[in-house]
Structures are given as structure tokens and as C-alpha cells.
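Chemist: Residue numbers (our numbering): 2 to 202. Cβ coordinates follow ideal geometry from the N, Cα and C atoms, glycine included. Here's a structure for you.
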Amino acid sequence: MHIKTTKCNRFCLVATVTRQEVFSRPEVQAGFESLFRSFDPQVQFQYFKSFRRVRISFSDALAAAEARLRLHKSDFNGKEMRLYFAQSVHIGSPRLEPPKPDKQFLISPPASPPVGWQQSQDATPVINYDLLCAISKLGPGEKYELHTATPTTPSVVVHVCEDDRADSSGPDDSERDDKPRPPRPKIIQTRRPDYTPGVTQ
């Protein structure tokens with residue numbers, strides 16, 4: 002839980018100025034700054050036109066307090082000027098804390114493996130040579146039972162389909178050309194439905 006704290010800066014004043022000439026006309030700025038330079042010759046000014054504020058930084062806290070006591074709610078070019086001590090708002094820790102470890106894996110993976118990590122070796126694939134040998138000996142129309150049926154599981158049987166197409170493994174292309182090829186099946190296209198102009202949406 003973050004704690005919000007407010008700290009008062011004794012060396013800095015904030016002036017609320019309603020006269021826009023302070024931000025645009027140099028002679029009005031010079032008259033405004035002369036009011037505060039009488040308390041501290043090293044005073045510095047920062048103008049914020051959008052907020053109609055002027056930040057006034059003093060080198061001495063007593064000079065800032067005296068300027069605020071005498072010039073607060075005073076008249077400047079026909080308008081009331083108010084002075085306040087600047088405040089800094091602090092929430093939480095003054096330093097940027099890293100994220101919690103339980104959520105850190107969502108940001109990025111670790112740059113290096115942890116201590117003691119070793120790469121696992123891939124296991125040797127299991128090859129059933131008896132099954133491969135039995136399948137290679139099968140001919141068209143034959144079947145081979147891979148798994149015998151039990152009261153709770155069905156049997157697994159491989160059926161070898163007959164190949165009516167020409168043998169593509171022959172070494173000579175002339176022999177394949179002499180064999181008759183089966184006719185290609187005719188593709189029957191779907192007929193378009195009749196158009197009825199009287200139907201409206």
C-alpha cells in the first residue's frame with residue numbers, strides 16, 4: 002500500500018497571477034520580479050502561462066517567508082496577487098522498485114538458465130520392427146491384426162487396399178504407357194437454382 006505525503010518547500014513560492022501581461026510583456030515582468038528581488042537578489046522565476054502561475058525560488062527560506070508575509074493578497078496592476086508555499090506530493094517509495102518475483106515471469110524470460118540446469122538428452126525413438134516387417138509383407142486384400150480384442154477394448158486391424166492405378170515404381174516409362182489406365186470419373190456440377198423475379202426481401 003502506497004502512502005501519500007505532502008511536503009512544503011520553504012524556499013519556493015507560487016504566485017497566482019491573473020494579468021496576462023506578466024507572461025507576454027517584458028516591462029510588466031520586470032516590475033513583477035522587482036517586487037521579489039528586494040527580498041532576495043538571487044531569486045529565480047519560472048512562468049507557467051497555461052496555469053497562470055509563477056514559481057519563485059529563493060536562496061533563503063527567511064526571505065521567502067518575508068516575501069509571502071508582505072506580498073500575499075497585495076495589489077499588482079489592479080489585480081490581487083496571492084502567494085503560497087510550493088508543495089511536493091510524494092506517493093510510495095522515493096525509488097522505483099522492481100516488480101514482485103511472482104509476476105516477473107510475465108515481463109520477460111530469464112536471460113540465462115538457473116544454477117544447476119542441464120540440458121536433457123532426447124530419448125531414443127521406439128521402433129517396432131516386427132510391425133514394420135509384417136506390414137511390408139502384406140499384399141493387396143490382406144489384413145493384419147495389430148491388437149487383439151479384449152472385453153473392454155476393440156481390436157485394431159490393418160487392411161491393405163488394392164491399387165488399381167498403374168505401378169509408379171517401375172524402372173521403365175514405356176511399360177507404364179502400354180498399360181491401360183482407368184477412366185477418370187466425371188465431375189457432375191451442381192445446377193444453379195431457377196431465378197424467380199417476383200420474390201422480394
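In or out: CYS162 buried (at least 16 other Cβ within 10 Å) or exposed?
Modeler: So CYS162 counts as exposed.
Chemist: Check the DSSP bridge columns for LYS80 and list the partner residues they point to.
Modeler: Partner(s): PHE77.
Chemist: With a 10 Å radius around its C-beta and 16 neighbouring C-beta atoms as the bar for buried, classify ILE57 as buried or exposed.
Modeler: Result: buried.
Chemist: Quick check on this structure: which residue in VAL158, PHE59, ALA150 has the alpha carbon closest to the alpha carbon of GLY142?
Modeler: Of VAL158, PHE59, ALA150, the residue nearest in Cα terms is VAL158.
Chemist: How about LYS74 and VAL18: are their beta carbons less than 9 angstroms apart?
Modeler: Going by C-beta atoms, LYS74 is not nearer than 9 angstroms to VAL18.
Chemist: Taking the DSSP output, what are the residues bridged to GLN45?
Modeler: GLN45 pairs with SER58.
Chemist: Rounding to the nearest angstrom, what Cα-Cα distance links SER51 and PHE59 in this structure?
Modeler: Cα-Cα distance, rounded: 23 angstroms.
Chemist: Measure the CB-CB distance between ALA16 and ARG83 and report whether it falls below 9 angstroms.
Modeler: Their beta carbons are under 9 angstroms apart, which means ALA16 touches ARG83 by this criterion.
Chemist: Name the one or two DSSP bridge partners that PHE37 has.
Modeler: PHE37 pairs with nothing; no bridge assigned.
Chemist: Quick check: what's the CA-CA separation for SER170 versus VAL116?
Modeler: Residue placement at SER170 is flagged as unreliable, the pLDDT there being 49, under the threshold of 50; a coordinate-derived value is accordingly withheld.
Chemist: Find the nearest neighbour of GLU28 within the set LYS138, GLN47, ASN78, judged by alpha-carbon distance.
Modeler: Of the candidates LYS138, GLN47, ASN78, the one whose C-alpha sits nearest the C-alpha of GLU28 is ASN78.
Chemist: Do VAL44 and ARG38 have their beta-carbon atoms positioned less than 9 angstroms apart in this structure?
Modeler: Yes. Within cutoff.
Chemist: To which residues of the same chain is SER156 closer than 7 angstroms at the C-beta, ignoring the five residues directly before and after it?
Modeler: Excluding sequence neighbours, SER156 sits near GLU146, HIS148, THR149, ALA150.
Chemist: Would you mind listing the alpha helix (DSSP H) stretches within the stretch 111 to 148 that are 4+ residues and don't spill past its ends, in chain order?
Modeler: Counting whole runs of 4 or more residues, the stretch 111 to 148 contains the alpha helix (DSSP H) stretches 130 to 137.
Chemist: What is the rounded straight-line gap between the Cα of PRO152 and the Cα of LYS144?
Modeler: Straight-line Cα distance between these residues: approximately 22 angstroms.
Chemist: Could you tell me the boundaries of the alpha helix (DSSP H) in which VAL23 lies?
Modeler: Segment 22 to 25, the alpha helix (DSSP H) holding VAL23.
Chemist: Got a sec? Which residues, its chain only, sit under 8 angstroms from PHE86 by beta carbon, not counting five neighbours each side?
Modeler: Excluding positions up to five away in sequence, the list reads CYS9, ASN10, ARG11, CYS13, LEU14, VAL15, ALA65, ARG69.
Chemist: Per DSSP, TYR85 forms a beta bridge with which residues?
Modeler: Bridge partners of TYR85: VAL15.
Chemist: Am I right that PHE203 and GLU22 are in contact with their C-beta atoms under 8 angstroms? What's the rounded C-beta distance?
Modeler: Missing from the structure shown is residue 203; the chain here goes from 2 to 202 and no further.
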